[in-house]
Amino acid sequence: GAVVSQHPSRVICKSGTSVKIECRSLDFQATTMFWYRQFPKQSLMLMATSNEGSKATYEQGVEKDKFLINHASLTLSTLTVTSAHPEDSSFYICSARVQGASYGYTFGSGTRLTVV
Amino acid sequence: GEDVEQSLFLSVREGDSSVINCTYTDSSSTYLYWYKQEPGAGLQLLTYIFSNMDMKQDQRLTVLLNKKDKHLSLRIADTQTGDSAIYFCAEFSGNTGKLIFGQGTTLQVKP
Chain H
5 GAVVSQHPSR VICKSGTSVK IECRSLDFQA TTMFWYRQFP KQSLMLMATS NEGSKATYEQ
65 GVEKDKFLIN HASLTLSTLT VTSAHPEDSS FYICSARVQG ASYGYTFGSG TRLTVV
Chain Z
2 GEDVEQSLFL SVREGDSSVI NCTYTDSSST YLYWYKQEPG AGLQLLTYIF SNMDMKQDQR
62 LTVLLNKKDK HLSLRIADTQ TGDSAIYFCA EFSGNTGKLI FGQGTTLQVK P
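Sequence order for the protein chains is H and Z. Each residue of the first sequence is one higher than the one before, counting from 5 in the working numbering. Each residue of the second sequence is one higher than the one before, counting from 2 in the working numbering.
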C-alpha cells in the first residue's frame, strides 16, 4: 500500500528555535496532505490541509505564522514549528490522501516534539 | 458541525471479544474508519466501511454500521494482549472533505 515517511520521529529543541518536520509520500503522489496534532491521551486535532503548489488551509485557532506548512512538490510536505515554546510540545502526525484507494488515507508514523 | 464520539476505556480478558462503539453526526459521511495507535506510534488503518454497507468482516475484526442511528462498532474476536492500544473511529465528512476523529478508546487486555 501507499506509504508516507515522516521524519524525524523524535526531536528535542530549545525554546525559541525552529523545528522542521518532513512527510514524504514514497510510492505515490500526494496532492493533498494533512497535519494533525495530538496531545497525550487525546484525539487527533487537524491543524491544516496542504495542497501541492498552493497555500495551506489552516483550521480555526491554529497560528499560521507559528506552524508554517510548505507543500512544494507532489511527494513532500513540511511543517515548521517556529520559535518553539514548551506548550508546542506534542505529537505531530501527517496524513495523505491516496487517490483511487478505497481506504482513502495513509498516515506517517508521527513526530514527538519536546521543547525544553 | 461534525462530531465523533467514543467511549474512552474498555478492559477485557485475553480470549474474550472486545466491542468498541462509536457514534457520529455527519449524515454525509461516505467512509468510516477504524485506526489503531500503539504508544508513541502513528496510526495504523485496521479496517474501513462504506456508508452503504452494514457489515464488514476481516479475519478477527467485524465492523457493524447502523446508518440510521449513526452508530459504528468494531468487534475484535479472541482478543490478544497485542491488541492493547488506542482505537480511533473516524469519518470522512462529505461536507468538509476532512477526516474527523473520535477521542479514541483505550483497550486494555488482561492476561
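Every residue, glycine too, gets a C-beta built ideally from N, C-alpha and C.
request  = Kindly indicate which three-state DSSP category residue 36/H falls into: helix, strand or coil?
outcome  = In the first sequence, residue 36/H corresponds to position 32, counting from 1. Strand.
request  = With DSSP as the reference, please indicate the residues paired to residue 105/H in a beta bridge.
outcome  = Residue mapping note: residue 105/H aligns to position 101 of the first sequence, counting from 1. Answer is none; residue 105/H lacks a bridge partner.
Separation of residue 65/H from residue 10/Z, as counted between CA atoms = For the purposes of this step, residue 10/Z is identified with residue 9 of the second sequence, where counting begins at 1. For the purposes of this step, residue 65/H is identified with residue 61 of the first sequence, where counting begins at 1. In a straight line, the C-alpha of residue 10/Z is about 29 Å away from that of residue 65/H.
ask   = Based on the DSSP secondary-structure assignment, which residues constitute the bridge partners of residue 85/H?
value = The residue labelled residue 85/H in the question sits at position 81 within the first sequence. DSSP output for residue 85/H lists 23/H and 71/H as bridge partner(s).
key: Cβ-based burial, residue 51/Z [other Cβ within 10 Å; buried from 16]   = One-based indexing of the second sequence puts residue 51/Z at position 50. Result: exposed.
request  = Label residue 134/Z either buried or exposed according to how many other C-beta atoms from any shown protein chain fall within 10 Å of its C-beta, with 16 as the threshold for buried.
outcome  = The question about residue 134/Z has no answer, for chain Z in this structure spans 2 to 112.
message = Just checking: is the beta-carbon of residue 32/Z within a distance shorter than 8 Å of some beta-carbon in chain H?
response = In the second sequence, residue 32/Z corresponds to position 31, counting from 1. True, the Cβ-Cβ gap to chain H drops below 8 Å.
message = Considering Cα atoms alone, identify which of 119/H, 45/H, 17/H and 114/H is closest to residue 28/H.
response = To locate residue 28/H, count along the first sequence from 1; it is residue 24. For residue 28/H, the closest alpha carbon among the candidates 119/H, 45/H, 17/H and 114/H is that of 114/H.
ask   = Rounded to a whole number of angstroms, what is the C-alpha to C-alpha distance between residue 58/Z and residue 39/H?
value = Position 57 of the second sequence holds residue 58/Z. Position 35 of the first sequence holds residue 39/H. Looking at the two C-alpha atoms, the distance is approximately 30 Å.
message = Less than 8 Å between the beta carbons of residue 20/H and residue 93/H, yes or no?
response = Indexing the first sequence from 1 puts residue 20/H at position 16. Indexing the first sequence from 1 puts residue 93/H at position 89. Against a cut-off of 8 Å, the Cβ pair of residue 93/H and residue 20/H comes out as no contact.
ask   = Whole alpha helix (DSSP H) runs in the stretch 45-79 of chain Z with 4 or more residues, listed along the chain?
value = none
inquiry  = With a threshold of 6 Å on Cβ separation, who are the neighbours of residue 14/Z within its own chain once the five nearest residues in sequence on each side are excluded?
reply    = Residue mapping note: residue 14/Z aligns to position 13 of the second sequence, counting from 1. Excluding sequence neighbours, residue 14/Z sits near 111.
query = Between the beta-carbon of residue 97/Z and the beta-carbon of residue 76/Z, is there less than 8 Å?
reply = Counted from its first residue, the second sequence places residue 97/Z at position 96. Counted from its first residue, the second sequence places residue 76/Z at position 75. Not in contact: residue 97/Z and residue 76/Z (Cβ atoms no closer than 8 Å).
query = Can you tell me where the beta strand (DSSP E) with residue 78/H in it begins and where it stops?
reply = What you label residue 78/H is simply residue 74 of the first sequence in a count that begins at 1. Neither: residue 78/H is in no beta strand (DSSP E) and is coded neither H nor E.
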